[in-house]
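Data first, discussion second: the structure below is written as structure tokens.
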Amino acid sequence: MKFGGTSVGSIEKIKRVATRIIKKKKAGHDLIVVVSAMGKMTDQLVEMAHALSQRPSKREMDMLLATGEQQTMSLLAMHLIQEKVDAISMTGWQAGIVTETSHGNARIETIETFPIKTQLENGKVVIVAGFQGVTEGEAITTLGRGGSDTSAVALAAAFKAELCEIYTDVDGVYTTDPRYVSKARKLSELSYDEMLEMANLGAGVLHPRSVENAKKYKVPLVVRSSFNEDPGTIIKEEPSLEKGQAVSGLAFEKEVSKITLLGLPNQLQTLSTVFKVLAEAGVNVDIIIQNAMNELTTSISFTIHTSSLSDTLDVLNLNQSTLQFNEINVESDLAKVSIIGSGMVSNPGVAADMFEVMTRNKVKIKMVSTSEIKVSTVIPVDDLHVSLEALHEAFHLDQPVSELGVTPGPK
Ligand code: ADP
Ligand code: ASP
Ligand code: MG
0 MKFGGTSVGS
10 IEKIKRVATR
20 IIKKKKAGHD
30 LIVVVSAMGK
40 MTDQLVEMAH
50 ALSQRPSKRE
60 MDMLLATGEQ
70 QTMSLLAMHL
80 IQEKVDAISM
90 TGWQAGIVTE
100 TSHGNARIET
110 IETFPIKTQL
120 ENGKVVIVAG
130 FQGVTEGEAI
140 TTLGRGGSDT
150 SAVALAAAFK
160 AELCEIYTDV
170 DGVYTTDPRY
180 VSKARKLSEL
190 SYDEMLEMAN
200 LGAGVLHPRS
210 VENAKKYKVP
220 LVVRSSFNED
230 PGTIIKEEPS
240 LEKGQAVSGL
250 AFEKEVSKIT
260 LLGLPNQLQT
270 LSTVFKVLAE
280 AGVNVDIIIQ
290 NAMNELTTSI
300 SFTIHTSSLS
310 DTLDVLNLNQ
320 STLQFNEINV
330 ESDLAKVSII
340 GSGMVSNPGV
350 AADMFEVMTR
360 NKVKIKMVST
370 SEIKVSTVIP
380 VDDLHVSLEA
390 LHEAFHLDQP
400 VSELGVTPGP
410 K
């Protein structure tokens with residue numbers, strides 16, 4: 000069982016979570032419980048760090064952020080013990096969660112199961128701090144924002160758990176973020192691949208790496224509310240209920256910037272030179288387009304997260320003489336909207352339907368990228384809301400496919 004920040008945001012909420020745990024324990028289950036930091040604690044810790052340093056040491060940042068989860072785990076364990084449930088809390092390193100060294104965004108490499116196994120054999124409910132691990136060199140690491148989901152799935156895989164339940168503040172995975180689209184509908188089932196695309200394309204409900212691991216190790220995954228008994232959304236290999244739906248969800252990212260390099264030499268190696276420079280500087284590039292302008296020159300456009308805009312521009316300007324561009328154009332205030340669905344593979348024309356909806360709503364599409372099960376468009380952020388509402392409606396996402404009886408096209 001994994002409980003996210005909002006589910007453990009106060010002492011009262013921690014008590015409610017404990018009630019759920021006690022019920023499960025009494026039903027005869029062995030339990031590993033993963034917790035996040037309380038409410039906005041991680042944000043507050045980040046803010047404190049930035050009040051002291053513009054670029055805080057990454058090692059020290061991980062030390063600091065790891066304390067958020069430690070508060071929750073000990074409070075929860077204390078309360079369970081008070082309620083006469085045998086419980087013990089463990090940090091990531093005590094729980095044997097070994098990661099690679101990259102601070103702030105570390106991947107889990109292995110889990111040494113011995114420490115938790117011993118406690119489970121003693122009949123204890125084991126409460127583990129999510130989002131953190133330790134390197135071979137004994138440095139504390141964190142797994143990237145939202146990473147407690149990944150801790151939970153990795154533990155479920157390592158212990159071959161019957162089920163990994165992600166408890167959060169919504170009833171499950173919706174067709175799109177229910178905070179943005181009022182008609183968003185909860186999905187009862189979803190495939191790993193669809194969920195992976197949704198998570199990678201911005202649906203913050205699950206950390207992308209948690210879905211990656213769930214798929215790889217076939218972990219049965221459920222996303223459900225910590226506040227009610229709704230069964231939530233099951234994520235598994237093949238969805239059965241929503242099959243036939245070309246589009247099963249929408250995802251979006253808000254802080255997108257587009258950079259265009261004009262007047263680059265039109266040579267074989269231009270693309271590789273540009274993106275090597277960016278990769279070496281650790282810039283995460285998303286959609287890329289190249290346009291030959293004439294025989295001599297070419298232009299390249301790409302998108303990045305707006306938070307890395309100034310770093311990216313610094314890198315490009317520093318390497319101007321190697322890259323030989325004439326001019327840089329920047330467009331900020333963009334968003335990326337994606338439609339996702341495994342039914343797309345067998346439904347040609349879904350991308351065309353999407354473009355038609357956008358055209359009808361006078362939304363200017365700046366860039367496009369596709370895969371077998373998604374189409375992403377980059378648009379002005381001011382048009383995000385209208386696009387989400389229109390696409391949700393056009394692809395009939397507010398109605399379950401069983402009520403439609405046919406594969407829906409756009410209205
Ligand atoms: P937790 O603290 O439990 O980890 P998060 O805030 O990380 O919770 O994730 C839950 C939030 O994810 C929801 O409140 C919702 O606004 C957002 N979200 C984004 N996309 C979706 C989606 N497709 N389905 C459900 N929730 C979504
Ligand atoms: N507390 C961490 C965060 O806010 C990890 C998590 O919640 O999953 O990002
Ligand atoms: Mg989360």
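Position 155, counted from 1, in the sequence shown is what numbering that gives the first Met the number 0 calls 154; the numbers after and before it change by one each time, with no gaps. Heads up, the beta-carbon is just placed ideally off N, CA and C, and yes, glycines get one too.
The ligand ADP heavy atom lying under 7 Å from the CB of residue i
i, result
"I168", "Rather than Ile, the amino acid found at residue 168 in this sequence is Asp. Under cutoff, so the answer is yes."
"G203", "yes"
"P177", "yes"
"V152", "no"
"M197", "yes"
"S190", "no"
"S6", "yes"
"G122", "no"
"G281", "no"
"G27", "no"
"G95", "no"
"G248", "yes"
Proximity test, residue i beta-carbon vs the ligand ASP heavy atom, cut-off 7 Å
i, result
"E211", "no"
"S35", "yes"
"F324", "no"
"E193", "no"
"T41", "yes"
"G67", "yes"
"G129", "yes"
CB of residue i within 8 Å of CB of residue j, strictly
i, j, result
"S307", "F251", "no"
"V284", "I303", "yes"
"V218", "C163", "yes"
"S88", "M62", "no"
"D397", "K57", "no"
"G277", "E326", "Sequence inspection shows Leu at residue 277; the Gly mentioned does not correspond to that position. Going by C-beta atoms, L277 is not nearer than 8 Å to E326."
"Q131", "G91", "yes"
"A213", "I234", "yes"
"T281", "H206", "The amino acid occupying residue 281 in the given sequence is Gly; Thr does not appear at that position. Taking 8 Å as the Cβ cut-off, G281 and H206 do not qualify as a contacting pair."
"G358", "S331", "The residue asked about is misnamed: residue 358 is Thr in this sequence, not Gly. No, the Cβ-Cβ distance between T358 and S331 is not below 8 Å."
"E82", "A17", "yes"
"D170", "D85", "no"
"A245", "M343", "yes"
"A393", "V356", "yes"
"L200", "V172", "no"
"V255", "A155", "no"
"A291", "N328", "no"
"V127", "A94", "yes"
"K373", "E196", "yes"
"L387", "Y179", "yes"
"N286", "S375", "According to the sequence provided, residue 286 is Ile. The question's Asn does not apply to it. Yes."
"G129", "K1", "yes"
Whole-Å CB distance - residue i paired with residue j, under 8 Å assumed
i, j, result
"L44", "L64", "6 Å"
"L322", "L263", "7 Å"
"K415", "I378", "A question about residue 415 goes unanswered here, because the residues of the chain that appear run from 0 up to 410."
"T259", "S6", "Not a contact, Cβ separation roughly 43 Å."
"V125", "L79", "11 Å between Cβ atoms; not a contact."
"I96", "V133", "7 Å"
"I288", "M366", "6 Å"
"M441", "Q70", "As shown, the chain starts at 0 and ends at 410. That puts residue 441 outside it, with no answer to give."
"T175", "H391", "6 Å"
"T412", "G3", "Residue 412 lies beyond the range of the chain shown here (0 to 410); nothing can be said about it."
"S309", "K257", "With 8 Å as the limit, S309 and K257 do not qualify as a contact, their Cβ atoms being about 15 Å apart."
The ligand MG heavy atom lying under 7 Å from the CB of residue i
i, result
"D397", "no"
"D148", "yes"
"G3", "yes"
"G171", "no"
"G145", "yes"
- Three or more C-beta pairs closer than 8 Å, one from the segment 28–46 and one from the segment 143–156: is that the case here? yes
- Message: Under 8 Å: do the segment 86–105 and the segment 133–140 share three or more Cβ pairs, one atom per stretch?
- Response: yes
- At a cut of 8 Å, does the segment 323–343 reach the segment 247–262 through at least three beta carbon pairs? yes
- Task: Would you mind listing the alpha helix (DSSP H) stretches within the segment 36–67 that are 4+ residues and don't spill past its ends, in chain order?
- Result: 40–51
- Item | 4-residue-minimum alpha helix (DSSP H) runs that sit fully inside the segment 70–158, ordered along the chain | 113–120, 147–157
- Task: Could I get the ranges of all uninterrupted beta strand (DSSP E) runs contained in the segment 245–313, with 3 residues as the minimum, in chain order?
- Result: 248–264, 287–291, 296–304
- alpha helix (DSSP H) runs contained entirely in the segment 336–392, provided each spans 4 or more residues: 349–359
- Message: Between the segment 218–232 and the segment 285–304, can you find at least three pairs of beta-carbon atoms closer than 8 Å?
- Response: no
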